[in-house]
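The structure appears right after this line, and notes come after that.
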Ligand SMILES: [Fe+2]
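Residue numbers (our numbering): 8 to 338.
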């Protein structure tokens, strides 16, 4: 059977303050600012900020809802950590880099023979840089992070589950992953060629109380897997329904993407996603990406009210293609 989703598209977390989130992803992780827009559900204006690698590839897109109005409750049934691949041998750089930025980090560790460092976002979210010499995707660079150290994109998410069996069935039967290893409490699943951007890791935490499902600062809201087009999403929805996962949502218009959601048995929300024609470049050029706030057409009549209620943010020049070029030209 051919499965329609082939890897990650994005991972979406609830941050706290907007500016601290921008600083963390553009200066600590070293991603480019890909888009400033707003949450498209509900009536309260909330930013939706997108960050990515150099080429805005599916599988490199980290997105956040700065949601300081309400804290989330971390726990099982949630993404425990999101891992970005970096070059082999670059972890000493990252250790010093986190230190320079006063970022909370754990000592280096290993999972399935790969070294990683776990570090924390100001809202408490856990991220990892994990060494992977096979990932050749182009990272974004900053004055502090050269191409030799830059994050290429996602390796994958680590999902905390109280029981492995039913979430394992979901990833294998509904999404076409295969189980490729167990390392202590970690169970690894890969799709396609496996490795970076094709790996989901379950962390078995049988005694961990369930985390919150609603939007709340310090928790990941969902992971999104990528399909080629809307047909892929319709096929995925049909697979869910045939297997009996009847809570798959309708396919939603997210302006830059189309999205369909289904909660897996372990509690983590899994989105199926495909780009809309034009995607990020639908309303600004590649050079201008991330420079200003865009609201979808159906919110345009509320634009002033939305802008007035959001925390003003300043995006570092190094995270914007147009200004980065200018800065580099003057060096
Ligand atoms: Fe999403």
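Cβ atoms here follow ideal geometry from the backbone N, Cα and C, with glycine treated the same way.
Compute the beta-carbon to beta-carbon distance between residue i and residue j, rounded to the nearest angstrom, for a pair I have assumed lies under 8 angstroms.
| i | j | result |
| --- | --- | --- |
| residue 201 | residue 187 | 7 angstroms |
| residue 114 | residue 23 | Incorrect: roughly 25 angstroms between the Cβ atoms, too far for contact. |
| residue 234 | residue 12 | 5 angstroms |
| residue 138 | residue 94 | 7 angstroms |
| residue 44 | residue 301 | 5 angstroms |
| residue 213 | residue 170 | 7 angstroms |
| residue 203 | residue 37 | In fact, because the Cβ distance is near 17 angstroms, the residues do not count as touching under 8 angstroms. |
| residue 281 | residue 239 | 6 angstroms |
| residue 166 | residue 209 | 5 angstroms |
| residue 277 | residue 232 | 7 angstroms |
| residue 255 | residue 162 | The Cβ separation is near 27 angstroms, so there is no contact. |
| residue 196 | residue 178 | 5 angstroms |
| residue 289 | residue 263 | 6 angstroms |
| residue 123 | residue 136 | 6 angstroms |
| residue 81 | residue 218 | 5 angstroms |
Exposed or buried, residue i, counting other C-beta atoms within 10 Å across all chains shown (16 or more means buried)?
| i | result |
| --- | --- |
| residue 314 | exposed |
| residue 107 | exposed |
| residue 76 | exposed |
| residue 207 | buried |
| residue 49 | exposed |
| residue 67 | buried |
| residue 216 | exposed |
| residue 273 | buried |
| residue 153 | exposed |
| residue 14 | buried |
| residue 116 | exposed |
| residue 160 | buried |
| residue 245 | exposed |
| residue 155 | exposed |
| residue 29 | buried |
| residue 176 | exposed |
| residue 332 | exposed |
| residue 172 | exposed |
| residue 205 | buried |
| residue 51 | exposed |
| residue 321 | exposed |
| residue 73 | buried |
| residue 185 | exposed |
| residue 189 | exposed |
| residue 260 | exposed |
| residue 312 | exposed |
| residue 40 | buried |
| residue 142 | buried |
| residue 97 | buried |
| residue 319 | exposed |
| residue 8 | exposed |
| residue 237 | exposed |
| residue 140 | exposed |
| residue 121 | buried |
| residue 112 | buried |
| residue 42 | buried |
| residue 26 | exposed |
Going by the C-beta, is residue i closer than 7 angstroms to any heavy atom of ligand 2?
| i | result |
| --- | --- |
| residue 166 | Looking for ligand 2 in the displayed structure turns up nothing; the ligands present are ligand 1. |
Below 8 angstroms, how does it come out for the region 226-237 and the region 83-90: are there three or more Cβ pairs, yes or no?
By the Cβ test, the region 226-237 is in contact with the region 83-90, since at least three Cβ pairs between them sit closer than 8 angstroms.
Entirely within the region 88-164 and at least 4 residues each: give me those alpha helix (DSSP H) ranges in chain order.
98-107
Does the region 241-256 come within contact of the region 14-32, defined as at least 3 CB pairs closer than 8 angstroms?
no
Which parts of the region 249-322 are runs of the alpha helix (DSSP H), unbroken and 4 residues or longer, counting only runs that do not cross its ends?
310-316
What residues sit near ligand 1, counting only those whose C-beta is closer than 5 angstroms to one of its heavy atoms, in chain order?
The set of residues with CB atoms less than 5 angstroms from any heavy atom of ligand 1 reads, in chain order, 19, 231 and 278.
Report yes or no: do the region 264-272 and the region 298-312 share at least 3 C-beta pairs separated by less than 8 angstroms?
Here the region 264-272 makes no contact with the region 298-312; the two share fewer than three CB pairs at distances below 8 angstroms.
Evaluate the contact criterion for the region 317-331 versus the region 282-300: three or more CB pairs, one atom per stretch, below 8 angstroms.
yes
Ranges of the beta strand (DSSP E) found wholly within the region 161-243, counting only runs of at least 3:
With a minimum length of 3 residues, the continuous beta strand (DSSP E) runs that stay inside the region 161-243 are 185-190, 193-197, 206-211 and 226-234.
Any 3 or more C-beta pairs closer than 8 angstroms across the region 50-64 and the region 131-148
yes
Completely contained alpha helix (DSSP H) runs for the region 9-90, where each covers 4 or more residues
25-30
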